[in-house]
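Data first, discussion second: the structure below is written as structure tokens.
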Amino acid sequence: MGSASAPSLLCCSVLPQGPVFPRFPATDYRGASWISGRLIFEPQNMGLYLWRAGLTPRTCGAVARGARWAMTAPRIALCAIVRNEIRSIIEWLAHNKSLGFHDFLIYDNDSTDGTTEALAALDAAGEVVHLPWPHTVGARPQRLAYEHARKHSDAGWIAFFDADEFLVLHQDVDIAAFLARFEADVSAVAVNWIVFGSGGQKRYRAVPVIERFTDALPSEAAQNRTVKAIGRRDALSGTGIHRVAVAQGRYVMPSGREAVFDGLTASVQPDVTVASLHHYAVKSVEEFAEKRLRGHANSQFPEKKRAKLDARLAEFDAGGVQSLDLARRSGPMRTEAARLC
205 MGSASAPSLL
215 CCSVLPQGPV
225 FPRFPATDYR
235 GASWISGRLI
245 FEPQNMGLYL
255 WRAGLTPRTC
265 GAVARGARWA
275 MTAPRIALCA
285 IVRNEIRSII
295 EWLAHNKSLG
305 FHDFLIYDND
315 STDGTTEALA
325 ALDAAGEVVH
335 LPWPHTVGAR
345 PQRLAYEHAR
355 KHSDAGWIAF
365 FDADEFLVLH
375 QDVDIAAFLA
385 RFEADVSAVA
395 VNWIVFGSGG
405 QKRYRAVPVI
415 ERFTDALPSE
425 AAQNRTVKAI
435 GRRDALSGTG
445 IHRVAVAQGR
455 YVMPSGREAV
465 FDGLTASVQP
475 DVTVASLHHY
485 AVKSVEEFAE
495 KRLRGHANSQ
505 FPEKKRAKLD
515 ARLAEFDAGG
525 VQSLDLARRS
535 GPMRTEAARL
545 C
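Just so we're aligned, residue 205 is where the sequence shown starts under my numbering, counting upward by one.
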């Protein structure tokens with residue numbers, strides 16, 4: 205298996221009771237999927253490969269337990285469908301890249317404001333996968349896009365967020381560390397909204413969304429029971445806008461407790477201590493008016509969605525709590541945005 209010039213490696217598999225040494229030869233370290241220090245994980249043989257130099261079975265087990273996240277951290281994708289998001293698409297991508305998402309599947313639903321050209325350039329640079337996704341009368345482009353991503357992505361995990369939704373990890377350094385919280389039988393995680401209002405701002409300003417808007421609904425507000433999904437792709441049997449269908453395994457909240465849903469879009473109560481999804485549903489009054497005019501990617505009849513948006517404006521724009529979670533942590537996003545530009 206290994207070449208003559210490859211370092212000498214020792215194989216061991218880590219079982220619940222500790223490491224054992226199976227009878228297959230050492231492998232070339234260059235074929236490993238993940239390397240950290242003297243520990244190499246090679247999933248083809250479901251084993252841990254250690255340098256021969258002085259690592260005992262006990263040390264093997266200790267290192268492996270400390271590195272559990274690495275053995276269970278596949279590529280993590282983010283899927284979104286967008287329309288006319290040129291003002292904030294770079295910020296949104298930069299924020300999610302700073303969280304460690306690997307793949308970005310961006311479905312472009314008839315943008316006319318420069319979003320298409322920006323995404324095409326990012327695709328050419330290898331930063332995103334840009335998929336033109338035109339509206340078809342009688343179809344639901346967002347649902348179709350999500351299903352396309354589920355079926356064609358090769359990522360281990362896939363999140364389904366909108367371009368006005370920003371994931372906040374309150375206790376973890378990145379998305380891989382967050383997902384490492386969950387055991388192998390967890391197939392999906394439901395993340396609750398924290399809804400942000402306009403804060404009285406009337407006009408658009410060329411300042412990042414996460415810095416401009418800090419007026420949010422209280423975490424226990426009914427609107428924050430709405431969820432979005434992150435799923436283990438090969439365990440999903442279907443996708444919805446707010447929830448995924450799980451073929452096998454558990455559906456949990458960020459805290460790890462079992463997800464209990466109220467209808468198709470909401471959890472029984474918000475669970476936002478570990479992670480939340482900041483939803484900038486209104487932005488400024490000017491931007492909300494533009495959002496209303498462009499319609500909605502999930503609607504067969506976009507004009508009906510406009511009436512629904514009008515009805516929800518007052519409840520989404522109520523505010524009441526100052527939330528600076530993201531505004532205070534915009535540095536990594538700004539760094540990524542500068543790189544992308």
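Heads up, the beta-carbon is just placed ideally off N, CA and C, and yes, glycines get one too.
Because the structure is a prediction, the values reported are computed rather than measured.
Inclusion of A479 and V395 in the CB contact set at 7 Å is warranted, their separation being smaller than that value.
Counting of Cβ neighbours within 10 angstroms places A349 among the buried residues, the total reaching 16 or more. Bounds of the alpha helix (DSSP H) holding I379 are 379-383. By alpha-carbon distance to Y484, the top candidate from L544, Y455, N428, I379 is N428.
With a minimum length of 3 residues, the unbroken runs of beta strand (DSSP E) contained wholly in the segment 293-335 fall at 307-312. Scanning N313, F364, V486 for the CA closest to the CA of R344 turns up N313.
Rounded to the nearest whole angstrom, the CA to CA distance from V486 to A518 is 10 Å. Nearest Cα to S534 within the set R279, P278, E295: E295.
Assigned with DSSP and collapsed to three states, E424 falls in coil, not helix or strand. Under the three-state reduction of DSSP, I285 is assigned to strand. Counting the other Cβ atoms within 10 Å of the Cβ of K406 gives fewer than 16, which makes it exposed. Nearest to T320 by C-alpha distance, out of K355, P336, Y455, F520, is P336.
The Cβ atoms of L481 and L371 lie closer than 7 Å to each other. Between V393 and V464, the C-beta gap is not smaller than 7 Å, which leaves the two residues out of contact.
For L373, the enclosing beta strand (DSSP E) has its first and last residue at 369-373. The beta carbon of D521 lies closer than 6 Å to those of G401, S402, V486 in the same chain, with the five residues before and after it left out. Residues V464, D466 of the same chain have their beta carbon placed closer than 6 Å to that of V472, with the five preceding and five following residues left out of the count.
In the pairwise beta carbon analysis, the segment 407-417 is classified as not touching the segment 429-444: fewer than three pairs are separated by under 8 Å. Taking a contact to require three or more Cβ pairs closer than 8 Å, the segment 487-494 and the segment 442-451 do not qualify as touching. Taking the Cα positions, P536 is about 12 Å away from I414. Straight-line measurement puts the Cα of G523 at about 5 Å from the Cα of D419. The beta-bridge partner set that DSSP reports for A470 consists of T430, D466.
CA-CA distance, I310 to A284, rounds to 5 Å.
Residues of the same chain with a CB within less than 7 Å of the CB of A451, apart from the 5 flanking positions on each side, are A439, L440, S441 in chain order. Boundaries of the alpha helix (DSSP H) around T539: 535-544.
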